[in-house]
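Trainee:
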Amino acid sequence: MWSLISDFIYKDQHYIEIAFASSRQGKIKIKFKVRFFMRNLLKVSTIFVLALFFVLRPQAEAAIENKESDVSTLIVTGYSLHSRLLADLLQFHTKQPVIFITSPNAKEVLFVPAQRKDVPAQKPLKVLAAEFHNFVNFAHPKQVVLLGEEKFIPKHYRDVLNPNIKTYALTDKDWKIIATQCEELFGISGLAAKFQAELDRLARGGANIGTQESREPQIVLPKK
Numbered sequence: 001m002w003s004l005i006s007d008f009i010y011k012d013q014h015y016i017e018i019a020f021a022s023s024r025q026g027k028i029k030i031k032f033k034v035r036f037f038m039r040n041l042l043k044v045s046t047i048f049v050l051a052l053f054f055v056l057r058p059q060a061e062a063a064i065e066n067k068e069s070d071v072s073t074l075i076v077t078g079y080s081l082h083s084r085l086l087a088d089l090l091q092f093h094t095k096q097p098v099i100f101i102t103s104p105n106a107k108e109v110l111f112v113p114a115q116r117k118d119v120p121a122q123k124p125l126k127v128l129a130a131e132f133h134n135f136v137n138f139a140h141p142k143q144v145v146l147l148g149e150e151k152f153i154p155k156h157y158r159d160v161l162n163p164n165i166k167t168y169a170l171t172d173k174d175w176k177i178i179a180t181q182c183e184e185l186f187g188i189s190g191l192a193a194k195f196q197a198e199l200d201r202l203a204r205g206g207a208n209i210g211t212q213e214s215r216e217p218q219i220v221l222p223k224k
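Quick note on numbering: full-length UniProt numbering labels position 58 of the sequence shown as 58, and the sequence is numbered without any gaps.
1. From I178 to H140, what distance separates their C-alpha atoms?
2. Using a threshold of 9 Å, state whether the C-beta atoms of residue 289 and F152 are closer than that.
3. Look at C182 and L90 and say whether their C-beta atoms are less than 9 Å apart.
4. Which of helix, strand or coil does DSSP assign to residue 293?
5. Just curious, the beta strand (DSSP E) that V136 is in, first and last residue?
6. Using DSSP bridges, identify the partner residues of F195.
7. Out of curiosity, what's the CA-to-CA distance linking E131 and D174?
8. Check for me: the beta strand (DSSP E) holding A169 runs from which residue to which?
9. Just the Cα atoms here: how many angstroms apart are S103 and G78?
10. Check each candidate in L161, R116, T167 and name the one with the smallest Cα separation from N134.
11. Specify, as a first and last residue, the run of the beta strand (DSSP E) that I99 falls within.
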């Protein structure tokens, strides 16, 4: 034990003075062990944070080149025909980014940046699903809009969202209802009609769009 402490003391002048001034060797050993542990814990924590920073930040910056202008809305949805169609329409009108949860157990999610005329076209980016919350925090949207039931956006994605970000969860089973809610929420006149028109066009082309019973749209409220 003393050889280890002597080696440590040699590298730290403060400990040299204490070692020679104190006769309570047991106390010196305890202090050494605690400080050694804390220093190593600090090193491990620092390395982890730096690794996370250097791995995640380039992903986020590459996808959000236009980070100087705040993201007002981040749209999160599944990867079904209905969800992709509605998300495409919303992105066209709002010029805001979208995250697609490609499958409930996906290891990666797909981030589609907002396409702007004054910024070169940006390609979609795959982000580790485990870093979803960090990516959202970096984007720092003023609000997050979740489109679809839990089978499209699993509960754990909702749970990790920053509670300080206003979040709207539109979870109706009927995507036409969700389109109507989005029309109200985003103030996009005729959005639901455009959504229906695109569905009809896809159906004429042979796509299976399914059949859903019509219901009255529910009032859109932020998730608490």
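Backbone N, C-alpha and C fix where the C-beta goes; we use that ideal spot for every residue, glycine too. Fair warning: this is a prediction, and the values are worked out from it, not measured in the lab.
Mentor: To lay it out plainly:
1. Position 178 of the sequence shown, counted from the first residue, corresponds to residue 178. Position 140 of the sequence shown, counted from the first residue, corresponds to residue 140. If you take the alpha carbons of I178 and H140, they lie about 24 Å apart.
2. Here the chain comprises residues numbered 1 to 224, so residue 289 is not present and cannot be evaluated.
3. Here residue 182 is taken as the residue at index 182 of the sequence shown, counted from 1. Here residue 90 is taken as the residue at index 90 of the sequence shown, counted from 1. It is a contact, given that the beta carbons lie within the stated cut-off.
4. Residue coverage of the chain in this structure runs from 1 to 224, which leaves residue 293 outside it and unanswerable.
5. Taking the sequence shown and counting its residues from 1, the one referred to as residue 136 is at position 136. It is not in any beta strand (DSSP E) - V136 instead sits in the alpha helix (DSSP H) that spans 132-139.
6. Counting from 1 along the sequence shown, the entry for residue 195 is found at position 195. Partner(s): none; F195 has no beta bridge.
7. By 1-based counting over the sequence shown, the position of residue 131 is 131. By 1-based counting over the sequence shown, the position of residue 174 is 174. The straight-line gap from Cα to Cα measures roughly 30 Å.
8. Mapped onto the sequence shown, residue 169 falls at position 169. First-last of the beta strand (DSSP E) with A169: 166-170.
9. By one-based count along the sequence shown, residue 103 stands at place 103. By one-based count along the sequence shown, residue 78 stands at place 78. Going by the C-alpha atoms only, they are around 7 Å apart.
10. Working through the sequence shown from its first residue, we reach residue 134 at position 134. Selected option, being the one with the closest Cα: L161.
11. Position 99 of the sequence shown holds residue 99. Where I99 is concerned, the enclosing beta strand (DSSP E) stretches over 98-100.
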